[in-house]
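Colleague: Sharing a structure with you now.
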Amino acid sequence: MNFFRRMLFYQVSPLVKLAKTKNIDEGDLLPLPAHLHPETLPVSLEPLQWTTPKAFLFSLIRTLKKFLAPGYSWYLASSILALLSPVFVNRFVGLISKGVTQETLLEALVYGLLLGLCGFLSGLFLQHYFYNTLQCYQVTTNILNQKIFSHSLKLSQSARQKSQVGDIVNHMSSDSDSVSDFPQIMGDLVSSLFLITGVVAMLFYYIGWSAFAALAVLFTLAPLTNYVAKKFTHLDEEMMKHRDHRVTLMTQALNAIRVVKYFAWEKSVSKEVTEVREKELLSRRRLARAEVISSLGYLGVSTLVLFVALAVHAWRGQVLDAAIIFTCISLFGLLEGPFGDLSRLISRYTTAVVGAGRILNFLKQEEVEITTKENALVGQPMGLEIQGLSLTYPGAQEEVLKNIDLVVPAGSSVAIVGPVGAGKSSLLSALLGEVAPTKGKIEFSKVLDDERPRMAFVPQEAYIINTTLLENLSFGEDVSKEELRRALHNSCLSRDLKEWSGGLRTEIGEKGVNLSGGQKQRVALARAYLRKPQIVLLDDPLSAVDADTENLLCERLLFGAWKDVTRVVATHRLEHLPKFDQVLYLEDGVARGLGSFEELLKVCQPFAEFYKEHGKTQGDHGSTTVTAETSTEVVTATEETDEKKNRVTEDEEREVGAVKGSVYWDYISSLGGDGKYTKPLILSVLLFGAIGVTLLPLLQKAWLSYYSSHQNQWAALSAVGIYGLIGLAVLVGSLLNHLIWLERGIRAGKNMHDKMLRSVLNSPVRFFDSTPVGRIIQRFSRDIESVDVYLQWSFDSAVHCALQVIVSIVLILGLMPLMIFVIGPVMALYYVLQRDYRRPAREVKRFDSVARSPRYAHFKETLQGLTVIRGFNKSPWFMRNFYDKLAYSQRMFYSHFMINRWFSSRIPLIGGLISMSTAVGVTLSAYYGVMEAGTAGLVTLYSLSFWGFLNWGVRIFADIESRMTSIERLKFFSNLPAEKDILVTGEETLRLSWPEKGEISVENLKVRYAPHLPLVLKGITFHVEAGTRVGIIGRTGSGKSTFFQSLFRFIEAEEGRIKIDGVEIASVPLEKLRRNLAIIPQDPTLFLGTIRNNLDRYNEYSDEEVVTALKHASMWEHVKELPQGIHSAVSEGGLNLSQGQRQLLCLARALLTKARVIVMDEATASVDVQTDAILQKVIRQSFAGVTMLIIAHRLGTISDCDQIVEISAGEVKSVRRPSEFSKEEIEESLV
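Residue numbering for the sequence shown follows the UniProt record's numbering, starting at 1 and increasing by one per position.
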C-alpha cells in the first residue's frame, strides 16, 4: 500500500463500498491484526509495575512505546501545525489591513492557501495519533483482561466471597476501559500543555509585555486544577461504589429470579435497587456539576485572558489593529480546546487512577496455589493419606475440621457422612487444595511434589455452563463417540438424550435452566467419568436423583465403571453405605468414627444413632434390584439438526439499518420529562439555550471585527470593555445551558432505568430462561451509563456543532455570495462521504456493543464455578474460550475505530478546500476593495474552524447514532411483555381472607410453553382436600414441574383451570396469589444481605417470629452462635453457609409466610438424615392444617402423604393413597 493510501486508511474502503450494497454482517468486517490478538501481545510486560496506580499507569506508557512513539510524534506535528495557523492569520490579515495591491496579491494568496493546508494536515495527522493510541487501547485491554481473568481462575474461596460477581466483572469492563484510555489521556494532556506554552510564547512575540497580564491570570487559575482533580477522584469513586452495588443487587436478583417470582418480591428488589440508584445519581449529579463549572472556568480563561491581554495592551497605549486582534483571537481560540478539555481530561485521568487502583487491589487478593502439572500415570488410581488435618477458615475463630486422620488406599472408596455443617464439604475442599490446612498434611501416593493427581470433582450444586450438552460433558477433553456413549449410559442419561431434539447439540441454558436437578447432577457425573480420573471427589452427588436412578448410578458408575478409581464421597444418602470400603463419620469437625460400615455400626454409637434415623425416614429399599436399561444407540456428536429447536438462549437483539427516528424522539422526549405542558417548554429552553450559546461568541468576535474597522470612532479601552461584557454573557449563558442539559440528561437516565427495571421484573420467567443474565446486566450497566454520562453531552455538542456550521456558511455566503459555487459542491461531497461512512459505522458499532456481552457472561460463569474448574484442571480451557470471546470483541472494536479513521482523515480535506477558497475569495474581495480588514479576519477565522465543526459534528452525530443503539436496547427491555395480573374476571369480589383453607381443585388443565410447542399437560384433573399432604410423582418430563409452574402462574393455562378455596387462580392478582403460596425449592437460593432480610424481605414480621421460624427449621442453634444473630451477614449466593444450612433457611422462609399452600420440590435433598427426620417432624407439626404438595425422590418423603398423584406424559395416571401403591410402582415413578 503506497504512502497516500496508508495516510487515508484505504484498507477500509472495500468495507465502505460493500455497505452501500447490503447490511454488512460479522463476516464482512476487517480481520483483527495479529498484534492486536489477545494471545500474541506485541510488547514485553516486564516494564509494568503492579505496585501503585500511578506507577502502573506510567509504566504502561513505557511498555507501549512501540505504538506511542509514532502516535505522539503525529500529535506533536499536528500541534505544531495548529500553532502555525495564528502566524499565517497575522500575516494574512496584516496584508489585507494594509490593502491588497498587485505586488502583495500573490503573497496574500499564498498565506491564505497555507492556512487551509495547515488545517488539513493538522487534522490528518491527528487521525494517525488516534490510530496509534486506539491500538494501545486494545493492547492494554488485552493485557488487563488476561491478567484479571487468569487471577480470577486462582482466586481463593475467602477472596471470592469478599468480592461480589458484579464488582469483579466491573474490573474487566469499566475499570479496564478507563485504564486503557490512559495513553490517550496523557497524549491529550501533554499536547494541551504544549499548546498552552506555545500560545503564551507567541503572545509575548505579538503583544510584548502585555502577555504578562495574561500569564498572571493563567497562574492564578492553576490551583483550581488541583482542587478539581481531588474533587473528581472523590466523586468518581463514590459513584463507582454505588454503581457496583446496584449491578451486584441486579445480578443476584436475576440469578435468583425464580425465588423473586415465587415469593412476589419484585417490589422489594425494585425498592432496594432504586434506593442505590438514587445515591448513584446524586454522586453523578455532583460530579457533572463539578465538571461543568470547572470546564466553564477553563472556557472562561480564553475570554478572560484575552480580555485582560487586550485591556492591558490598550492601557499601555499600544495599537489594536485587525492583525493583532485576530491573531490574538486565533491564539486564544487554540487555548479554548486545551483549556475546555482540561477538566474532562482531569476527570478521565482520575477515573483511570481510580480504575487502576481497583484492579490492583483485586489482583492483590489471595490466590490458591494449585499446580496444573498432572501425574502422567493416566488410568492408575492414586491413594491418599490425611495426617492430623485441622482447618480454620480465614477470619473464623473455630476450627471446622479437627485433627482428621484418614488413609484411602488406591482404587478404594470412602464415604464421608455426618449432620449438616459437620465439615464434609470442607474436607473435600482441603483435598482439592482450595483451602490450606491449619495443621497436618495431605499426601497423594505416586505423585511428585510439583504434580497433582488427575482429579474429577462433582459439587453439591452441579456446575453447568451455557453451551451445548456435548461441551458440558467433554469439558475440554478429547472424547470418542464410544466414550460418550459409555458416559451417557453410566450416568443414566441415555433415555434423557432421546427426549432432547438436538441430541448432544442441544443448548443448555444459563445455570442449566432447561435441566431438572437430577439431570444436572447426572451431567456432572458423566463429565467426571469422561475425565478418566485417578481420584474422584463427590459432594452429595445423588441428592437430586430418585431412588431408582441412585441404584443405577451406584451399580453402573460408583461401584461399576469406577470400581478401580479412588473415590471420596460426601453424602446424605445412606442406602449404599455398606458397599463402601470405609465410612468416615464426622460431627462438629471431629472424626467420631472410621472403618467399614459394619464396624462403625458396632463401635461408633453416634453413627449407629445417625443411621437409625435413616432407617426410620427412608424405609428399607436399598436392596431393590434394578433392571439396567440397555443403551445401544450410537451417539452422534455431529448430526445436523434444526439449530433453532436446540436453542434455549435467544440471540441478542440487534437492529439493522439507520436508527429509527422514533428512537431519537424517545430520548428527546425523555429529556423533556413526562409533563404534558412542561415538556414543550423544557425542550424549547434546551434548543434556544443552545442557539444562544452559539450566537453569543459570534457577537463577541463580530464586535471586535467592527471595532478593528472603526478604531477612530471608539476608545480602545471602551471597546475592550464591551467585549468583556459580552464575554460575561457568554459565560453565564454557557453555564446555564450546560446545567439545564445536564439535569435533563440525568432525569432521562433515571426514567429509562426505572422503566426498564419495572419491565424486566414484571417479565415472565420464560424471558429469563432464554436471556443470559450477562446480557440483561449489560443493559443495566453499560447502556444506562451511556444515557447517564454521555448522551446528553453528545446531544448538546451535536446541536452546538450544527449551529456553528450553519453560522459559518451563512457568514461566508452572506459576505461572499459567489462562494456558493465552491461551498455547494464541497458540501455535496461532504454529504456523500458522511452517508457512506454512517452506513457501516452504525452497524459496526452495534456489532461492537453486542460483542462485549459474551465476554462478560463467560467471565461471570467462570467465577461461579472456580472450584469445579480447578478440580478438573480446566483453567487453560476456560482461558482459551475467554481469548476467543475477547478476540471476537476486539475485532468488532478494531473495525469500528478504523471506519472512524477512514472518515475523519477525509473531512479535513473538505475543510481545507473551504478554507483555501474562502481565503482566495477574501483576498480578491480586499483587492477589489469590497471587504474591510475586520470583516476579512472574522470570515477567515470562521472558515478555519469550519472543518473542525464539520468533522466533530459528524463524529458526534455518529457517536449519538451509535449510543442510540443503547436507547434501542433500553427501549426493547422497557417494553417487554409483562405477566398478566388477572386473566379472567372472578365471579365475585376476592375475599381479603382468601385462601382460608387451601383446598385445591385442578380441572382439565392443559398447558404448553409456547404456541408452537406441543402440550405438556394434556388435561389433568385431581382434587386436593384442605390441609392434606399430597405427593406428586412421575418420571422426568412427565409434567410435575410444569404443574407447579401453572400453580404459581409462571405459565398460563390454555384450557382448564386451577381453583384454590373455590376461586379460580387466573382471577387472583399475581402478587396476592404468590404471597399466599410458599415454596421450598430444590436449589436453595439466598441473597446478599442478612439472615433476617433473607427470610423477611418486607419487614412484615417481628424478630420473635423470625427466631421462632428458625427454631422450627433447626437453624436457631447455629444462628444464635453467630456474632450478630439474625442480623449476621449472608454473602452473595449464601456462600458462607453450607448447602444444607441454606436449605434450612429456605424452610424457615416458607414457615414464616404462614401460607395455606406449601409446595416442596425435593426440599430435603441436601440435608442429612437426622436433620431430615427433624424436618419431617417440623413439617408435620408446624404445617399441620396446611395443604402440602410434594415432589419427591425419596420414599420417606411421601410415605406419610394422604394421597399420591402419579403423572405420566402430561396426564394423571392415578390418584391413590400410599398404601394402595406397591413399592415397585412408586420407585418406577420416582424419577
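Glycine included, every Cβ here is placed at the ideal spot set by N, Cα and C.
The structure displayed is predicted, hence computed values, not measured ones.
With a 10 Å radius around its C-beta and 16 neighbouring C-beta atoms as the bar for buried, classify N145 as buried or exposed.
Modeller: Locating residue 145 in the sequence shown gives position 145, where the first residue counts as 1. Buried: at least 16 other Cβ atoms inside 10 Å.
Colleague: So what does DSSP say about K980, is it helix, strand or coil?
Modeller: The residue you call residue 980 lines up with position 980 of the sequence shown. Coil at K980, not helix or strand.
Colleague: So, at 7 Å on beta carbons, what are the nonlocal neighbours of I776 in its own chain, with the 5 sequence-adjacent residues on each side left out?
Modeller: Indexing the sequence shown from 1 puts residue 776 at position 776. Correct list, in chain order: L254 and V760.
Colleague: Expressed to the nearest angstrom, what Euclidean distance is found between the alpha-carbon atoms of L249 and V1186?
Modeller: Along the sequence shown, read from residue 1 onward, the residue named residue 249 stands at position 249. Along the sequence shown, read from residue 1 onward, the residue named residue 1186 stands at position 1186. About 33 Å.
Colleague: Which of helix, strand or coil does DSSP assign to H896?
Modeller: For the purposes of this step, residue 896 is taken as residue 896 along the sequence shown, with counting starting at 1. In this structure, H896 counts as helix in the three-state DSSP scheme.
Colleague: Pick from P409, L76 and M816: whose alpha carbon is nearest that of E922?
Modeller: Within the sequence shown, residue 922 is the residue found at index 922, counting from 1. Residue identity differs from the one stated: residue 922 is Val in this sequence, not Glu. Closest by alpha carbon: M816.
Colleague: Would you kindly work out how many angstroms separate the C-alpha atoms of S849 and F897, rounded to a whole number?
Modeller: Taking the first residue of the sequence shown as position 1, residue 849 is located at position 849. Taking the first residue of the sequence shown as position 1, residue 897 is located at position 897. If I take the Cα positions, the gap works out to 13 Å.
Colleague: Note down the Cα distance separating Y942 from H234, rounded to an integer number of angstroms.
Modeller: Position 942 of the sequence shown, counted from the first residue, corresponds to residue 942. Position 234 of the sequence shown, counted from the first residue, corresponds to residue 234. Their Cα atoms are separated by approximately 40 Å.
Colleague: Relative to the C-alpha of G595, which residue among F607, F4, F182 and V165 is closest?
Modeller: Taking the sequence shown and counting its residues from 1, one reaches residue 595 at position 595. If we check each option's Cα against that of G595, F607 comes out closest.
Colleague: Quick check on residue 1251: does DSSP put it in helix, strand or coil?
Modeller: The shown model of the chain, from 1 to 1231, leaves out residue 1251, and the question about it has no answer.
Colleague: Could you check whether the segment 125-136 touches the segment 73-84, counting it as contact only if at least three pairs of C-beta atoms, one from each stretch, sit closer than 8 Å?
Modeller: Yes, since at least three Cβ pairs between the segment 125-136 and the segment 73-84 fall closer than 8 Å, the two stretches touch.
Colleague: Under the assumption that N751 contacts S670 (Cβ atoms under 8 Å), give the Cβ distance between them as a whole number of angstroms.
Modeller: What you label residue 751 is simply residue 751 of the sequence shown in a count that begins at 1. What you label residue 670 is simply residue 670 of the sequence shown in a count that begins at 1. Indeed, because the Cβ distance is near 6 Å, the residues count as touching under 8 Å.
Colleague: Just to confirm the assignment: which complete alpha helix (DSSP H) runs, minimum length 4, are found wholly within the segment 866-892?
Modeller: Entirely contained in the segment 866-892, the alpha helix (DSSP H) runs reaching 4 residues are, in chain order, 866-871.
Colleague: Assign Y1098 to one of three DSSP states: helix, strand, or coil.
Modeller: Mapped onto the sequence shown, residue 1098 falls at position 1098. Three-state DSSP puts Y1098 in coil, outside helix and strand.
Colleague: Just to check my reading of the structure: A857 and Y888 have Cβ atoms closer than 8 Å, yes? What is that Cβ distance to the nearest angstrom?
Modeller: Taking the first residue of the sequence shown as position 1, residue 857 is located at position 857. Taking the first residue of the sequence shown as position 1, residue 888 is located at position 888. With 8 Å as the limit, A857 and Y888 do not qualify as a contact, their Cβ atoms being about 13 Å apart.
Colleague: Do S390 and G440 come within 8 Å of each other at the CB atom, strictly closer than that value?
Modeller: As a position in the sequence shown, residue 440 is number 440, starting the count at 1. As a position in the sequence shown, residue 390 is number 390, starting the count at 1. Against a cut-off of 8 Å, the Cβ pair of S390 and G440 comes out as a contact.
Colleague: Any idea what DSSP makes of G1027, helix, strand or coil?
Modeller: By 1-based counting over the sequence shown, the position of residue 1027 is 1027. In the structure shown, G1027 sits in coil (DSSP, three-state: anything other than H, G, I, E or B).
Colleague: How many Å lie between S491 and S1041 at the Cα?
Modeller: Working through the sequence shown from its first residue, we reach residue 491 at position 491. Working through the sequence shown from its first residue, we reach residue 1041 at position 1041. When rounded, the distance between both Cα atoms is 22 Å.
Colleague: Look up E367 in the DSSP assignment and give the residues it is bridged to.
Modeller: The residue you call residue 367 lines up with position 367 of the sequence shown. Paired residue(s): L155.
Colleague: For the candidate residues C554, Q834, L553 and A82, whose alpha-carbon lies nearest to that of L334?
Modeller: If you number the sequence shown from 1, residue 334 lands on position 334. That would be A82, whose Cα lies nearest to the Cα of L334.
Colleague: Once DSSP output is grouped into helix, strand and coil, what is the label at I24?
Modeller: Counting from 1 along the sequence shown, the entry for residue 24 is found at position 24. If DSSP states are grouped into helix, strand and coil, I24 belongs with coil.
Colleague: Report the option in N403, V1106 and W994 whose CA atom is closest to the CA atom of D1061.
Modeller: Your numbering for residue 1061 matches position 1061 in the sequence shown. Cα-wise, what sits closest to D1061 is W994.
Colleague: At 3 residues or longer, what runs of the beta strand (DSSP E) sit wholly inside the segment 298-358?
Modeller: As far as the segment 298-358 is concerned, it has no whole beta strand (DSSP E) run of at least 3 residues.
Colleague: Assuming I508 is part of the beta strand (DSSP E), what are its boundary residues?
Modeller: Residue mapping note: residue 508 aligns to position 508 of the sequence shown, counting from 1. Premise fails: I508 is in no beta strand (DSSP E) and is neither H nor E.
Colleague: Should W665 go down as buried or exposed, given a rule of 16 or more other Cβ atoms within 10 Å for buried?
Modeller: The count along the sequence shown starts at 1 and reaches residue 665 at position 665. So W665 counts as exposed.
Colleague: How about R285 and R246: are their beta carbons less than 8 Å apart?
Modeller: For the purposes of this step, residue 285 is identified with residue 285 of the sequence shown, where counting begins at 1. For the purposes of this step, residue 246 is identified with residue 246 of the sequence shown, where counting begins at 1. No, they are not a contact pair.
Colleague: What residue does the alpha helix (DSSP H) around L552 start on, and which one ends it?
Modeller: Along the sequence shown, read from residue 1 onward, the residue named residue 552 stands at position 552. First-last of the alpha helix (DSSP H) with L552: A547 to L553.
Colleague: F1050: beta carbon under 7 Å from a heavy atom of the ligand MN?
Modeller: Ligands are entirely absent from the displayed structure, and the ligand MN is therefore not among its contents.
Colleague: Whole angstroms are fine: how far does the CA of R5 sit from the CA of F92?
Modeller: Here residue 92 refers to the residue found at position 92 of the sequence shown. Here residue 5 refers to the residue found at position 5 of the sequence shown. Distance between the alpha carbons of F92 and R5 is about 33 Å.
Colleague: Let me know the secondary structure DSSP gives I809 once reduced to three states.
Modeller: Mapped onto the sequence shown, residue 809 falls at position 809. Helix, per DSSP.
Colleague: Count the other C-beta atoms from every protein chain shown that fall within 10 angstroms of the C-beta of G814, then say buried if there are 16 or more, exposed otherwise.
Modeller: In the sequence shown, the residue the question calls residue 814 occupies position 814. G814 comes out exposed.
Colleague: Between which two residues does the alpha helix (DSSP H) carrying T918 extend?
Modeller: Your numbering for residue 918 matches position 918 in the sequence shown. Per DSSP, T918 belongs to the alpha helix (DSSP H) from I907 to Y927.
Colleague: Can you give me the C-alpha to C-alpha distance between residue 1252 and P419, rounded to a whole angstrom?
Modeller: Because the chain in this structure spans residues 1 to 1231, residue 1252 falls outside the shown range and cannot be described.
Colleague: Report all residues from its chain with a CB closer than 7 Å to the CB of A487; omit the five preceding and five following residues, and keep chain order.
Modeller: By one-based count along the sequence shown, residue 487 stands at place 487. L473, A526, Y529 and L530, listed in sequence order.
Colleague: Does the beta carbon of G921 come closer than 8 Å to any beta carbon on chain E?
Modeller: This model lacks chain E altogether; it includes just one protein chain.
Colleague: Over the uninterrupted beta strand (DSSP E) stretch that includes residue 1232, give me the two end residues.
Modeller: Because the chain is modelled from 1 through 1231, residue 1232 falls outside the range shown and cannot be assessed.
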